[in-house]
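Notes follow once the structure below has been shown.
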Amino acid sequence: MGGRRPPQSSYVRGNAMPSHTTLSTTALFSLVLLVLPLAQGANFRWLDSSPARHFSDRDWQLLGDSVDLALNTGRDGQRFEWSNPDTGSSGTLEPAPATRRYASSGCRRLKMENHAGNESSRSVHTFCRQEDGSWKIAR
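Following full-length UniProt numbering, the numbering of the sequence shown begins with 1 at its first residue and continues without gaps.
Below, the structure written as structure tokens:
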């Protein structure tokens with residue numbers, strides 16, 4: 001499983017919590033990495049084909065930096081790309097308006113597509129800005 005760790009960019013830092021429940025990006029990525037070894041015998045078999053299981057430390061850093069850039073400066077619909085020529089891992093990010101539930105909470109959706117090894121994944125996450133300027137994933 002290598003030395004994969006979740007990104008330590010500003011969007012995963014901070015302790016302030018908005019009024020709705022949030023799960024930090026660090027916790028989410030850590031959970032994914034913890035359950036990967038259990039995937040063979042449990043209902044988590046979908047994680048076997050997750051590109052994140054192939055990410056290097058540098059991949060996580062590049063992804064995290066791109067998430068920060070997209071959330072902090074990106075216009076809705078603007079496309080951001082990241083890639084690591086050393087590993088072949090890559091991805092695209094596209095900010096979008098938050099759903100009505102989170103619209104007044106300083107939140108944004110982020111459409112993500114990542115590739116590593118022979119695997120790809122697409123997902124959409126809602127990130128909410130914390131008082132210290134960091135971002136956390138809303139549950």
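Yeah, the Cβ is synthetic: ideal placement off N, Cα and C, and Gly gets one too.
- Message: For Gln-78, which residues in the same chain have their Cβ closer than 8 Å to its Cβ, ignoring the five residues on either side in sequence?
- Response: Ala-70, Glu-94, Pro-95
- Item | For Gln-61 and Arg-129, the rounded distance between their alpha carbons | 20 Å
- Item | Option in Thr-126, Ser-56, Asp-86, Gly-91 with minimal Cα separation from Arg-100 | Thr-126
- Message: Short of 6 Å in beta carbon distance, which residues of its chain neighbour Asn-114, apart from the five on each side in sequence? Order them along the chain.
- Response: Pro-51, Gly-91, Ser-121
- When you compare each of Asp-132, Pro-85, Arg-75 to Ser-56 by their alpha carbons, which one comes out closest? Pro-85
- Task: Report the residue from Gly-117, Ser-83, Ala-103 whose alpha carbon sits nearest the alpha carbon of Val-67.
- Result: Ser-83
- Message: Considering Cα atoms alone, identify which of Asp-76, Glu-131, Ser-89 is closest to Glu-119.
- Response: Ser-89
- Task: Would you give the residue range spanned by the alpha helix (DSSP H) that residue 162 belongs to?
- Result: Because the chain here runs from 1 to 139, residue 162 falls outside it and cannot be looked at.
- Item | Local conformation of Ala-96 per DSSP, three classes | strand
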